[in-house]
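Q:
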Amino acid sequence: MIVTTTKEVPGKNFMIIGIAKGTGGGEERKKSLSECYDEALSDLEDCARQMYADAVVAVSLSVTETGGEKHRRNQVLAYGTAVSFLDRRNILGRSVRPFGRIFCYL
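Going by numbering that gives the first Met the number 0, the first residue of the sequence shown is number 0, and it counts up by one from there.
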């Protein structure tokens with residue numbers, strides 16, 4: 000699955016499905032920030048797959064640190080736009096013609 004911070008995937012036209020999100024960390028056990036990022040991105044991909052997405056574009060990551068010195072917790076939220084690539088020849092049995100960033104169904 001393609002997961003990117005850009006708003007486009009070069010050479011691909013797509014239809015927006017919806018928002019995909021994932022979280023990592025948040026537990027009291029000690030985890031590195033890198034592990035929290037990886038967990039959040041993996042969760043994001045799982046969410047997108049459940050939406051039958053081909054990619055997630057415009058991905059952003061947000062980090063929150065909670066707790067005190069003894070019970071510090073990192074939590075990472077990953078979110079983006081789940082998209083499905085369009086095959087110009089056929090979508091739901093109809094032809095598709097790109098018109099800028101909007102697609103006309105013929």
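Even glycine gets a Cβ: it sits at the ideal position worked out from N, Cα and C.
Remember, predicted model here, so these are calculated numbers, not experimental data.
1) Does the contact criterion of 3 or more C-beta pairs under 8 Å hold for the stretch 43-60 versus the stretch 13-33?
2) Go ahead and label G24 buried or exposed: buried means 16 or more other beta carbons lie within 10 angstroms of its beta carbon, across all protein chains shown.
3) Determine the contact status of R72 and G79, defining contact as a CB-CB distance below 8 Å.
4) What span of residues does the beta strand (DSSP E) with Y36 cover, start to end?
5) Going by DSSP, name the residue or residues bridged to A54.
6) Once DSSP output is grouped into helix, strand and coil, what is the label at K20?
7) Excluding five sequence neighbours on each side, which residues of the same chain lie with their C-beta closer than 6 Å to the C-beta of D53?
8) Who does E64 pair with in a DSSP beta bridge?
9) What's the call for E68, buried or exposed, on a 16-neighbour Cβ count within 10 Å?
A: So, from the data block:
1) yes
2) With at least 16 other beta carbons inside 10 angstroms of its own, G24 counts as buried.
3) Not in contact: R72 and G79 (Cβ atoms no closer than 8 Å).
4) It is not in any beta strand (DSSP E) - Y36 instead sits in the alpha helix (DSSP H) that spans 32-49.
5) Answer by DSSP bridge pairing, in chain order: I1, V82.
6) strand
7) S83, F84
8) N73
9) Looking at its Cβ environment, which holds fewer than 16 other Cβ atoms inside 10 Å, E68 is exposed.
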